[in-house]
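Asker: If you use my numbering, the sequence shown corresponds to residues 4 to 174, in order.
One structure coming up, written as structure tokens, with questions to follow.
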Amino acid sequence: MAEDFIADDLPADKAARYAALLPQIASVTQGEPDAVARMASVASMLAQAFPAFFWTGFYRVDPAKPDELVVGPYQGTLGCLRIAFGRGVCGAAAARREIMIVPDVDAFPGHIACDSRSRSEIVLPVFDGAGGLLAVLDVDSTQLAAFDAVDAEGLAAILRAAFQGLPAAGA
Ligand code: SME
């Protein structure tokens, strides 16, 4: 249950921490038909579990503009409201439907600096139960090269657990 979630009880090892978090996030999101409610819960739990995450949140595919992302639930400082597909790291991940790990955002062409303290980031596509692109998850760090394959695998598994049971938009 959400009220029982205590991030301090999670293992220190990063891979183990993702693995321990997964069933808790799956339990909280299970059965909830509203995608934004699921995103808000995932952003909250990830930010609590990983205090080093500087910005943790979702950019949703805008149903009215399917080639544009609009900000969704997040934890952190003020984020940009809209990002076109193909722009910045989030837009690239949405357009390619691929995980992007950027060790140095200043070296990424077209990076959108919502907060100049962000130095590295990971962005993952989020798919609904029908395989449609629902959103991207963006996690930023103030440290260079903060994210690696362990984060990619851990976060991707959590996103599958949190969103694959969600009916397709409009279904
Ligand atoms: N860094 C992102 C923009 C979003 S924010 O950092 C919250 C990007 O270049 O896609």
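C-beta: ideal position from N, C-alpha, C; glycine also.
I'd like the span of the alpha helix (DSSP H) that includes R41, first residue to last.
Answerer: 38-52
Asker: Rounded to whole angstroms, what's the CA-CA distance from V153 to A159? Just pull it up for me.
Answerer: 10 angstroms
Asker: For a test of the three-state rule: what should DSSP assign to L60, helix, strand or coil?
Answerer: Per the sequence shown, the amino acid found at residue 60 is Gly instead of Leu. Three-state result, G60: strand.
Asker: Which partner residues does D143 have in the DSSP bridge list?
Answerer: W58, E124
Asker: Please name the residue in R63, F111, Q78, A155 whose C-alpha comes closest to that of G135.
Answerer: R63
Asker: Going by beta-carbon coordinates alone, are V74 and G82 separated by less than 8 angstroms?
Answerer: yes
Asker: Among F166, V31, S123, which has the Cα closest to the Cα of D151?
Answerer: S123
Asker: Do you know how far the Cα of R99 is from the Cα of F53?
Answerer: 27 angstroms
Asker: Give every residue of the same chain whose Cβ lies closer than 6 angstroms to the Cβ of D143, excluding the five residues on either side of it in the sequence, and list them in chain order.
Answerer: F57, W58, S121, E124
Asker: Strictly by DSSP, which residues pair up with R85?
Answerer: Bridge partners of R85: V73.
Asker: Pull up the distance between the alpha-carbon of R163 and that of A43, whole angstroms please.
Answerer: 15 angstroms
Asker: Alpha carbon to alpha carbon, how far is A116 from K68?
Answerer: 23 angstroms
Asker: Based on DSSP bridge pairs, tell me the residues matched to Q27.
Answerer: None, per the DSSP bridge assignment.
Asker: Would you list the one or two residues that DSSP bridges to T78?
Answerer: The residue asked about is misnamed: residue 78 is Gln in this sequence, not Thr. For Q78, which the question treats as bridged, DSSP gives the partners T59.
Asker: Rounded to the nearest angstrom, how far is the Cβ of G60 from that of D141, given a contact under 8 angstroms?
Answerer: At roughly 6 angstroms, the Cβ-Cβ gap stays under 8 angstroms, so G60 and D141 are in contact.
Asker: Is E124 a contact residue of the ligand SME, with contact defined as CB to any heavy atom under 7 angstroms?
Answerer: yes
Asker: Distance check for V108 and H114, CA to CA, integer angstroms please.
Answerer: 6 angstroms
Asker: Does the beta-carbon of T80 have 16 or more other beta-carbons within 10 angstroms, so that it is buried, or is it exposed?
Answerer: exposed
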